[in-house]
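Read through the structure below, which is laid out as structure tokens, and then see the notes.
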Amino acid sequence: MTALLNIKALNAYYGQVQALHGLEFALNEGSVTTLLGANGAGKTTTLRAICNMVRSTGAIEFDGAPLSGRSTENIVRLGIAHVPQGRGTFTTMTVEENLQLGAITRSDRNGVVSDIERMYDHFPVLKQRYAQQAGTLSGGEQQMLAVARALMLRPRLMLLDEPSFGLAPLIVRDLFKILGKINREDKVTILVVEQNAQLALELADHAYVIETGRIVMSGSAAEIANNEDVRKSYLGY
Amino acid sequence: MELFTNQVLAGIATGAIYACMALAIVMIYQAIDHLNFAQGEMAMFSTFISWQLMQWGFPYWGAFVLTLALSFAGGILIERLLFKPLAKAPILTNVAGFIALYAIINSVAGLIWDFTIKQYPTPFGSSPFLGSQLISTHQAGMIGVTILLLILLYLFFQFTRVGLAMRAAASVPESARLVGINTSWMIALGWGMAAAIGSIAGMMIAPVVFLEPNMMLGVLIYGFAAAVLGGLTSPFGAVIGGFLVGIFENLVGTYIPGVGNELKLPIALALIITVLVVKPAGLFGRPIVKRV
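First to last, the sequence lines map onto chains A and B. Just so we're aligned: 80 in numbering that gives the first Met the number 0 is position 81 of the first sequence, and the numbers increase by one with no gaps anywhere. Just so we're aligned: 83 in numbering that gives the first Met the number 0 is position 84 of the second sequence, and the numbers increase by one with no gaps anywhere.
Right, dumping it as structure tokens:
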């Protein structure tokens, strides 16, 4: 398998503060990969660096081409959808407008219409609320909307930042089930950052553990789940 | 009663001026979250350009369309050169920029075309409209143009991709970039559209107030009053606000003794302050509601 995303010697900075120290990892096409780590380890920063939303040095290659020097919107146009922390909902717009915005860079009008229907199949609750202002949706509904909006891009790679944050356990289960389905059926490569390590490891094929801006462990999801240190630190048993 | 109806009619006629100006103000506010104090001067400059074109022999509508295009390009140019570098600067820096722009445009217009008052033609004629002495055909035409403009803007923002992208860029810039929208150009586009709308306002107003570099000063303040009254987030509100300010101004002038022409401007200012205190979102503005 070829690497869809290849990250080498990635440093990232917030002002004078360095948040990532020579991060290296790769994602295989079609895989689900999870980045685990405590608060402040640099998980969100890694996702933001991929989309050039934070100052960084090093090499990020997507499908063999370097991303450095590209603006956020141009990186998105390559097929990298980012579901940010806090969901990034367009709160004053309707649910359907949010979905249309996800596909704003696409010019195949009919494809967009049928994709909106597909999203309503994936997330029936969005169909019930299609004309409602997105800001009035519950947290779980907004997270589903954020995932659906990202999928409207027909991305090759989807970056998810803490999709389980603030959601009820049952809703989180549903959401991860749908993410698995999307990965299998639509062949979308997924990189998910999670604090809910157990769930993330169930979904993922591959996992990296990140501590203070460095990768400290990597392996198949099963290996990582069975590692004693990981179990103690992140799984709690 | 007849006096009342007549004054309301006359108010609607002047209100169309304010409505046009308020539309331009709301356009910029939507794009950059600031009130552009130079909006009136930009409109005045555009109007001078159209006047100059007519002096050179262009027919009215030819000059009108060309001025629209030039103003659109000019608005984008001002944003790229002056306000893009200030995008991340504090509000006060931007305000200083607006005031500088105001002074520069005003002086340059005076330098090129001097400060004498000039006649400006109307395409609608100035005979009484439907036999009424209160509304002229020009004023009726102006009301029509304002309403047409509002409908076009509504269709643009609701039903086109660019309109949707502009709304998205204005409401949540970061998310807009994450769906692939070039937010920086959306702001420039907002400036271009506001400048073009302002030029229409200027060309509609000039036959009434006559053309000179300071023609927009009073109009701009009324335009602000209209935009604030209708709600700075709503183009529809801005137009309704414009008509209401016009009617209000006329009725107060008629029924409250002692309020003559000298006191009309303070009334607009008092209206701004009252709305900001009582209903800051305006009549049709969207109050910011957040789930916490």
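From the three backbone atoms N, C-alpha and C, an ideal C-beta is built for every residue, glycine too. Note that the structure is a prediction, hence the values are computed from the model and not measured.
Which residues does DSSP pair with residue i in a beta bridge?
{"i": "residue 13(A)", "result": "16(A)"}
{"i": "residue 244(A)", "result": "Summary: the structure shown does not reach residue 244(A), with chain A confined to residues 0 through 236, and so no result is reported for it."}
{"i": "residue 24(A)", "result": "6(A)"}
{"i": "residue 135(A)", "result": "Its beta-bridge partners do not exist; DSSP assigns none."}
{"i": "residue 160(A)", "result": "192(A)"}
{"i": "residue 205(A)", "result": "32(A), 219(A)"}
{"i": "residue 213(A)", "result": "210(A)"}
{"i": "residue 186(A)", "result": "For residue 186(A), which the question treats as bridged, DSSP gives no partner whatsoever."}
{"i": "residue 117(B)", "result": "210(B)"}
Quick check on residue i: buried or exposed, where buried means 16 or more other Cβ atoms within 10 Å of its Cβ?
{"i": "residue 41(B)", "result": "buried"}
{"i": "residue 49(A)", "result": "buried"}
{"i": "residue 1(B)", "result": "exposed"}
{"i": "residue 182(B)", "result": "buried"}
{"i": "residue 242(B)", "result": "buried"}
{"i": "residue 29(B)", "result": "buried"}
{"i": "residue 75(B)", "result": "buried"}
{"i": "residue 27(B)", "result": "buried"}
{"i": "residue 17(A)", "result": "exposed"}
{"i": "residue 49(B)", "result": "buried"}
{"i": "residue 109(A)", "result": "exposed"}
{"i": "residue 168(A)", "result": "exposed"}
{"i": "residue 155(A)", "result": "buried"}
{"i": "residue 55(B)", "result": "exposed"}
{"i": "residue 140(B)", "result": "buried"}
{"i": "residue 165(A)", "result": "exposed"}
{"i": "residue 107(A)", "result": "exposed"}
{"i": "residue 60(B)", "result": "exposed"}
{"i": "residue 19(B)", "result": "buried"}
{"i": "residue 47(A)", "result": "buried"}
{"i": "residue 91(B)", "result": "exposed"}
{"i": "residue 187(B)", "result": "buried"}
{"i": "residue 279(B)", "result": "exposed"}
{"i": "residue 291(B)", "result": "Confidence at residue 291(B) is low in this model, with a pLDDT of 48, below 50, so the placement of that residue should be treated as unreliable; the coordinate-derived value is given next. Burial call: exposed."}
{"i": "residue 101(B)", "result": "buried"}
Smallest Cα separation from residue i: which of the options?
{"i": "residue 42(A)", "options": "135(A), 154(A), 23(A)", "result": "23(A)"}
{"i": "residue 221(A)", "options": "197(A), 39(A), 176(A)", "result": "197(A)"}
{"i": "residue 190(A)", "options": "207(A), 180(A), 174(A)", "result": "207(A)"}
{"i": "residue 44(B)", "options": "198(B), 242(B), 30(B), 208(B)", "result": "198(B)"}
{"i": "residue 122(B)", "options": "5(B), 205(B), 254(B)", "result": "205(B)"}
{"i": "residue 73(B)", "options": "236(B), 195(B), 281(B)", "result": "195(B)"}
{"i": "residue 162(A)", "options": "154(A), 202(A), 183(A)", "result": "202(A)"}
{"i": "residue 81(B)", "options": "64(B), 103(B), 69(B)", "result": "103(B)"}
{"i": "residue 14(A)", "options": "144(A), 52(A), 122(A)", "result": "52(A)"}
{"i": "residue 174(A)", "options": "143(A), 209(A), 17(A), 64(A)", "result": "143(A)"}
{"i": "residue 31(A)", "options": "157(A), 98(A), 39(A)", "result": "157(A)"}
{"i": "residue 128(A)", "options": "95(A), 155(A), 99(A), 153(A)", "result": "95(A)"}
{"i": "residue 120(A)", "options": "181(A), 90(A), 105(A)", "result": "181(A)"}
{"i": "residue 150(A)", "options": "99(A), 62(A), 92(A)", "result": "99(A)"}
{"i": "residue 238(B)", "options": "77(B), 284(B), 211(B), 105(B)", "result": "284(B)"}
{"i": "residue 110(B)", "options": "212(B), 153(B), 264(B)", "result": "212(B)"}
{"i": "residue 31(B)", "options": "112(B), 165(B), 108(B)", "result": "165(B)"}
{"i": "residue 17(B)", "options": "160(B), 192(B), 142(B), 257(B)", "result": "142(B)"}
{"i": "residue 87(A)", "options": "115(A), 140(A), 5(A)", "result": "140(A)"}
{"i": "residue 115(A)", "options": "195(A), 200(A), 148(A), 138(A)", "result": "148(A)"}
{"i": "residue 23(B)", "options": "227(B), 278(B), 274(B)", "result": "227(B)"}
{"i": "residue 62(A)", "options": "200(A), 209(A), 113(A), 6(A)", "result": "6(A)"}
{"i": "residue 28(A)", "options": "12(A), 186(A), 209(A)", "result": "186(A)"}
{"i": "residue 158(B)", "options": "89(A), 103(A), 9(A), 225(A)", "result": "103(A)"}
{"i": "residue 170(B)", "options": "133(A), 65(A), 172(A), 11(A)", "result": "133(A)"}
{"i": "residue 122(A)", "options": "44(A), 10(A), 2(A), 170(A)", "result": "170(A)"}
{"i": "residue 131(A)", "options": "111(A), 146(A), 97(A)", "result": "97(A)"}
Should the region 67-87 of chain A be called in touch with the region 140-153 of chain B, which here means at least 3 C-beta pairs below 8 Å?
-> Judged by Cβ distances under 8 Å, the region 67-87 of chain A makes no contact with the region 140-153 of chain B, as fewer than three pairs qualify.
At a cut of 8 Å, does the region 58-72 of chain A reach the region 164-183 of chain B through at least three beta carbon pairs?
-> Yes: the two stretches touch, three or more of their Cβ pairs being nearer than 8 Å.
Check whether the region 202-220 of chain B touches the region 108-119 of chain B, counting contact only when three or more Cβ pairs, one atom from each stretch, lie closer than 8 Å.
-> Contact between the region 202-220 of chain B and the region 108-119 of chain B is present, because at least three Cβ pairs lie under 8 Å.
Below 8 Å, can you find three or more Cβ-Cβ pairs linking the region 4-16 of chain B to the region 244-257 of chain B?
-> The region 4-16 of chain B vs the region 244-257 of chain B: in contact.
Whole alpha helix (DSSP H) runs in the region 167-210 of chain B with 4 or more residues, listed along the chain?
-> Correct list: 172-177, 182-208.
On the three-pair Cβ rule with 8 Å, is the region 50-57 of chain A touching the region 227-234 of chain A?
-> No contact exists between the region 50-57 of chain A and the region 227-234 of chain A.
Spell out a yes or no on whether the region 230-237 of chain B and the region 91-101 of chain B are touching, meaning 3 or more CB-CB pairs, one atom from each, closer than 8 Å.
-> For the pair of segments examined, the region 230-237 of chain B was found not to touch the region 91-101 of chain B: the number of CB pairs separated by less than 8 Å stays below three.
List in chain order: all unbroken alpha helix (DSSP H) runs of 4+ residues lying wholly within the region 60-125 of chain A.
-> Runs found: 71-76, 94-101, 108-121.
Whole runs of the alpha helix (DSSP H) within the region 124-168 of chain B, excluding any shorter than 4 residues | Entirely contained in the region 124-168 of chain B, the alpha helix (DSSP H) runs reaching 4 residues are, in chain order, 136-158.
Please determine if the region 261-273 of chain B and the region 221-231 of chain B are in contact, where contact requires at least 3 C-beta pairs separated by less than 8 Å.
-> With the cut-off at 8 Å, the region 261-273 of chain B and the region 221-231 of chain B touch.
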